[in-house]
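Contents: one structure, followed by commentary.
Residue numbers (the working numbering): 196 to 461.
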């Protein structure tokens, strides 16, 4: 994407599992080299498997211990892991079919809202019950070390009781499959962002595509250079979790699938 002129995170590099490094005959770009690179970038940094889906293995790490634990977890999912400097803003997915953005939504990381009486653990359990009632296949892992680390950095534990209306974030990644929320923004996306997503889909030789953007600002306004990045292009955008976040979203996905079927008849 960089060669095509799309704005991507510039400070990023791939590293190899020990087994893959040996298989391709290199002693460089292993986990220890990755740590040296991470220190040069400066913590916090992002670690994620080079491929995969649904936010598995993705984390923002803040120190050596978190780094090695997260890298080893990433190498269980992929033989290549990506280390990059984090970028900040709102996380969006634009779903493109041919020359049209047919859905767009902001993705908000897993969070709970306090009532002044209930522990974070119990609020998470209640949220899990809501997912089950909505037939949303998300499973919140209470023992996820990323949750423990995120809470620790906020001076909290699973047993803490947030105050009334206090919002507590449990993860850094905003994937819906990890318990994130979706806010539909289809009607408000600026035409320039729409054109970018459509052109990128075409450049990737795809018809259906999920384009993930980080926008430091309002996606309803024209893009500002240096204030937005293409995070990922997904040739098989999973929409099941999005469809289960509300009736309106379910209708959008239903109409999307109908459009896909009609397009196949052309």
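The beta-carbon is built from N, C-alpha and C at its ideal position, and this holds for glycine as well.
Residue i vs residue j beta-carbon contact at 9 Å
i, j, result
"residue 424", "residue 202", "yes"
"residue 225", "residue 211", "yes"
"residue 290", "residue 296", "yes"
"residue 428", "residue 437", "no"
"residue 335", "residue 305", "yes"
"residue 351", "residue 303", "no"
"residue 385", "residue 344", "no"
"residue 241", "residue 278", "yes"
"residue 323", "residue 333", "yes"
"residue 288", "residue 456", "no"
"residue 204", "residue 317", "no"
"residue 310", "residue 366", "no"
"residue 262", "residue 216", "no"
"residue 199", "residue 376", "no"
Through-space distance from residue j to residue i, alpha-carbon basis
i, j, result
"residue 400", "residue 246", "19 Å"
"residue 505", "residue 418", "Any answer about residue 505 is impossible in this case: the structure gives the chain only from 196 up to 461."
"residue 349", "residue 363", "9 Å"
"residue 329", "residue 434", "14 Å"
"residue 267", "residue 441", "36 Å"
"residue 269", "residue 353", "25 Å"
"residue 432", "residue 392", "14 Å"
"residue 396", "residue 293", "8 Å"
"residue 257", "residue 313", "29 Å"
"residue 347", "residue 259", "16 Å"
"residue 450", "residue 410", "27 Å"
"residue 390", "residue 197", "17 Å"
"residue 229", "residue 421", "26 Å"
"residue 368", "residue 253", "7 Å"
"residue 357", "residue 342", "15 Å"
"residue 235", "residue 276", "17 Å"
"residue 405", "residue 454", "15 Å"
"residue 458", "residue 452", "10 Å"
"residue 222", "residue 383", "49 Å"
"residue 231", "residue 394", "37 Å"
"residue 337", "residue 355", "14 Å"
"residue 430", "residue 206", "24 Å"
"residue 218", "residue 255", "29 Å"
"residue 372", "residue 272", "16 Å"
Selection from the options that minimises the alpha carbon distance to residue i
i, options, result
"residue 264", "298, 227 and 286", "227"
"residue 331", "352, 318 and 374", "374"
"residue 378", "458, 408, 223 and 300", "300"
"residue 426", "370, 233, 260 and 452", "370"
"residue 446", "286, 199 and 298", "298"
"residue 339", "325, 233, 453 and 251", "251"
"residue 387", "207, 413 and 219", "413"
"residue 285", "380, 394 and 274", "380"
"residue 213", "274, 207 and 255", "274"
"residue 439", "220, 209, 325 and 271", "325"
Near the ligand MN: residue i beta-carbon under 8 Å from a heavy atom
i, result
"residue 278", "In terms of ligand content, the structure shown is empty, and the ligand MN therefore cannot be addressed."
Min CB distance residue i to chain C below 9 Å
i, result
"residue 252", "In the displayed structure, chain C is absent; only one protein chain is listed."
Paired residues, beta bridge with residue i - DSSP
i, result
"residue 210", "276"
"residue 425", "408"
"residue 471", "Residue coverage of the chain in this structure runs from 196 to 461, which leaves residue 471 outside it and unanswerable."
"residue 308", "362"
"residue 286", "302 and 409"
What alpha helix (DSSP H) runs, 4 residues minimum, are completely inside the stretch 327-371?
340-348, all fully within the stretch 327-371.
Extract the residue ranges of the alpha helix (DSSP H) inside the stretch 245-277, only unbroken runs of 4 or more that lie entirely within it.
Scanning the stretch 245-277 for uninterrupted alpha helix (DSSP H) segments of 4 residues or longer gives 259-272, listed from N- to C-terminal end.
Write down every uninterrupted run of the beta strand (DSSP E) in the stretch 368-416 whose length is 3 residues or greater and which is fully enclosed by it, in chain order.
You should have 376-379 and 403-410.
Any beta strand (DSSP E) of 3 or more consecutive residues that is wholly inside the stretch 214-247
Correct list: 240-244.
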